[in-house]
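Chemist:
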Amino acid sequence: MLKCNVDAALFREEAADWAAVLGDWRGDLVACCTGYLGASLSPLLAESMVVREALSWLHSLAVDRVVIKSDSCRLVQALLGRHACSADWGIYLADCLILRADFFQWDGIPRYLFANFV
7 MLKCNVDAAL FREEAADWAA VLGDWRGDLV ACCTGYLGAS LSPLLAESMV
57 VREALSWLHS LAVDRVVIKS DSCRLVQALL GRHACSADWG IYLADCLILR
107 ADFFQWDGIP RYLFANFV
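Residues in the sequence shown are numbered consecutively from 7, following this note's numbering.
Structure follows, in structure tokens:
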């Protein structure tokens with residue numbers, strides 16, 4: 007089973023960097039992907055965009071069993087069907103739900119860490 011940690015780092019809500027890190031059951035690095043979102047974004051919108059990008063990337067790697075970990079509890083709850091979403095990030099949530107159908111097992115588990123702190 008592989009684990010993919012995803013996160014976005016906002017810079018004064020003017021832009022965001024993001025990363026997805028794929029590891030194996032021992033915690034060893036398998037692959038990673040990073041990107042830049044050059045737009046004014048809410049934290050929740052940025053996190054949902056990152057999950058969508060990570061799912062697309064994992065699909066391109068032919069990964070079929072993965073645990074997605076995000077520090078956005080609200081996003082994870084929405085992906086699991088336990089929380090409603092708003093209009094600004096709802097379209098990305100819908101894309102994530104479509105993309106996750108390509109995986110045999112998907113589980114979003116929130117990490118209760120201080121988000122975006124170095």
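All residues carry an ideal CB built from backbone N, CA and C; glycine is no exception.
1. Please report how far the alpha carbon of S66 lies from the alpha carbon of G33, in whole angstroms.
2. Ignore the nearest five residues each way along the sequence and tell me which others in A84's own chain have a CB closer than 6 Å to its CB.
3. DSSP three-state call for R106: helix, strand or coil?
4. Which residues in the same chain as E53 place their Cβ atom closer than 6 Å to its Cβ, once the five residues preceding and following it in sequence are excluded?
5. Hey, how far is the Cα of L61 from the Cα of L105?
6. State buried or exposed for L86, treating a residue as buried only when at least 16 other CB atoms are found within 10 Å of its CB.
Modeler: The short version:
1. Working through the sequence shown from its first residue, we reach residue 66 at position 60. Working through the sequence shown from its first residue, we reach residue 33 at position 27. Using only the alpha carbons, I get a separation of about 21 Å.
2. Here residue 84 refers to the residue found at position 78 when the sequence shown is read from its first residue. Counting only Cβ-Cβ distances below 6 Å, and skipping sequence neighbours, we find C91 and L99.
3. Stepping through the sequence shown from its first residue, residue 106 is reached at position 100. The answer is helix: DSSP assigns R106 an H, G or I state.
4. By 1-based counting over the sequence shown, the position of residue 53 is 47. So the list reads A14, S78 and L81, once near-sequence residues are dropped.
5. Within the sequence shown, residue 61 is the residue found at index 55, counting from 1. Within the sequence shown, residue 105 is the residue found at index 99, counting from 1. Using only the alpha carbons, I get a separation of about 6 Å.
6. In the sequence shown, counting from the first residue as 1, residue 86 sits at position 80. Exposed, since its Cβ has fewer than 16 Cβ neighbours within 10 Å.
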